[in-house]
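Written as structure tokens, this is what we have:
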């Protein structure tokens with residue numbers, strides 16, 4: 060919440076008012092889900108009423124690793140004018156003009172992208188009276204840093220019994236995850252994970268392998284640092300192989316029974332045919 064305190068006297072030359080910023084002016088992160096919308100909240104308390112027709116404001120963004128600021132959404136003298144809007148925000152923003160008179164200048168940012176991650180958004184606010192004197196103004200209101208995230212798919216663990224290795228894979232998450240392997244005794248030393256970015260969505264795919272032994276239970280855990288979310292999958296390196304062996308033995312047993320059964324049927328048929336062979340009279 061922001062408090063703008065008007066001066067007791069406004070000069071004819073358009074003297075600006077004193078502005079008192081609340082502690083909430085400092086940047087604070089908001090987490091948004093990739094592809095979804097997010098609301099950047101901004102409300103203003105002022106001792107002077109907001110006159111939409113005399114209101115100029117624009118939301119601006121500072122992107123990570125870039126010094127230049129980008130116009131996100133603009134309004135001049137109460138009318139929206141997005142000519143200076145940066146192309147990446149086209150058709151992705153919305154303000155609520157019907158709520159400006161109550162001091163709500165929030166911005167809806169749609170279809171979050173990885174480019175929005177760690178961007179800092181803020182509002183420039185300017186209002187004049189009927190004689191074009193500045194009533195109040197603030198250059199950086201409602202500073203908000205956006206963190207973009209997306210959950211990873213549940214990891215898949217496969218076991219290679221020829222090389223005695225286990226592989227863990229997961230896809231479609233953001234930002235880069237942390238992957239760990241554990242067994243009954245704690246952390247396992249694994250190879251450096253392979254993390255590859257999807258060119259289309261900007262999400263990350265990850266895979267990792269670890270050496271295993273017989274009769275071992277291993278767990279692959281993938282941690283999303285923004286969502287504070289951990290997904291894990293556990294596999295046994297003994298039961299499956301043993302089950303496979305049992306399955307093979309059972310299959311051999313069934314086949315043997317089938318062969319023996321067929322042989323017995325053939326013997327019985329031959330015996331039956333011999334006993335009932337007709338006797339030719341001379």
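In the working numbering, the protein residues as written are 60 to 341.
We put the CB at the ideal spot given by N, CA and C, even for glycine.
Simplified DSSP state of residue i, which is helix, strand or coil
i: residue 234; result: coil
i: residue 300; result: Because residue 300 carries a pLDDT of 49, less than 50, the predicted location of this residue cannot be relied on, and no value is offered for it.
i: residue 156; result: helix
i: residue 81; result: Its pLDDT being 35, under 50, residue 81 is placed unreliably in this model, and the value from its coordinates should be taken loosely. The answer is coil: DSSP assigns residue 81 none of H, G, I, E or B.
i: residue 208; result: strand
i: residue 258; result: coil
i: residue 174; result: helix
i: residue 88; result: strand
i: residue 149; result: coil
i: residue 165; result: coil
Beta-carbon proximity of residue i to residue j, cut-off 8 Å
i: residue 354; j: residue 270; result: Outside the shown range of the chain, which is 60 to 341, sits residue 354, and nothing can be said about it.
i: residue 130; j: residue 117; result: yes
i: residue 275; j: residue 266; result: no
i: residue 122; j: residue 178; result: yes
i: residue 90; j: residue 285; result: yes
i: residue 264; j: residue 230; result: yes
i: residue 206; j: residue 176; result: yes
Through-space distance from residue j to residue i, alpha-carbon basis
i: residue 80; j: residue 174; result: In this prediction, residue 80 scores a pLDDT of 35, lower than 50, which makes its location untrustworthy; no coordinate-derived value is stated.
i: residue 171; j: residue 202; result: 18 Å
i: residue 94; j: residue 261; result: 11 Å
i: residue 137; j: residue 259; result: 38 Å
i: residue 135; j: residue 153; result: 15 Å
i: residue 167; j: residue 223; result: 51 Å
i: residue 281; j: residue 238; result: 5 Å
i: residue 132; j: residue 163; result: 15 Å
i: residue 277; j: residue 198; result: 55 Å
i: residue 348; j: residue 211; result: Limits of the chain in this structure are 60 at one end and 341 at the other, which puts residue 348 out of reach.
Which residues DSSP lists as bridging residue i, in chain order
i: residue 197; result: 184
i: residue 132; result: 118
i: residue 224; result: 219, 270
i: residue 249; result: Beta-bridge pairing links residue 249 to no other residue.
i: residue 295; result: 276
i: residue 242; result: 245
Check: residue i C-beta below 7 Å from any heavy atom of the ligand SAH
i: residue 153; result: The model depicted lacks the ligand SAH and carries no ligand whatsoever.
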